[in-house]
Structures are given as structure tokens and as C-alpha cells.
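A.B. asks: 1 is the number of the first residue of the sequence shown in this note's numbering; add one for each residue after it.
Before anything else, here's the structure in question.
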Amino acid sequence: MIVYFSCHGCGTIYSAVQERSSTPVISSGLFNCLHCGKPVHHWSGIYNYTDWKSVGHGGDGKEQFGEA
Ligand SMILES: [Zn+2]
């Protein structure tokens, strides 16, 4: 499934693909904002997050989805 996270630093919205491992493997990782470098999301557990994409900006009060 696709999940969305917004950067607390600059408001950029990212989509990521959440994948649940079929084996009891703990995945951990960290994604940093491509614009301001602040950590957007870090995870540790049976879910992994891949295919991060910038999908818009939420800082101006309107949501935009799609390639900018
Ligand atoms: Zn940012």
C-alpha cells in the first residue's frame, strides 16, 4: 500500500510504498527530506518503506498530488 508522509521542516509531501515482510525479518531505515535534509520518517519493524517520491507540498494550505 502507498502511504504519505509530510516533512516537518519544509512541508514537502512524500509517498512511499509500505511493504510487509512475509518473513520475520526486521527492516529498519530512514528517509531524509530531499529539500531540507530533515528526517521525514524512520522505521523499524516488519514493515519496510521503499520507492519514496515527492508528490507535492503541504505548507501553503493546499494539497497537490502529482509530479511537480
Ligand atoms: Zn523538508
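Backbone N, C-alpha and C fix where the C-beta goes; we use that ideal spot for every residue, glycine too.
Note that the structure is a prediction, hence the values are computed from the model and not measured.
Leaving aside the five residues before and after G9 along the sequence, list all residues of the same chain whose C-beta is less than 7 Å from its C-beta, in chain order.
C.D. replies: Closer than 7 Å at the Cβ level, and outside the excluded window around G9, lie C33, C36, K38.
A.B. asks: Taking the beta carbon of S6 as the centre, do at least 16 other beta carbons fall within 10 Å, making it buried, or is it exposed?
C.D. replies: It is buried - the Cβ of S6 has at least 16 other Cβ atoms within 10 Å.
A.B. asks: Locate the beta strand (DSSP E) running through H41, then write down its first and last residues.
C.D. replies: Here the beta strand (DSSP E) through H41 covers 39-45.
A.B. asks: Determine the direct distance from the alpha carbon of S15 to that of S54, and round the result to whole angstroms.
C.D. replies: Approximately 6 Å, taken between the alpha carbons.
A.B. asks: In this structure, what does DSSP give as the bridge partners for S27?
C.D. replies: Answer is G45, bridged to S27.
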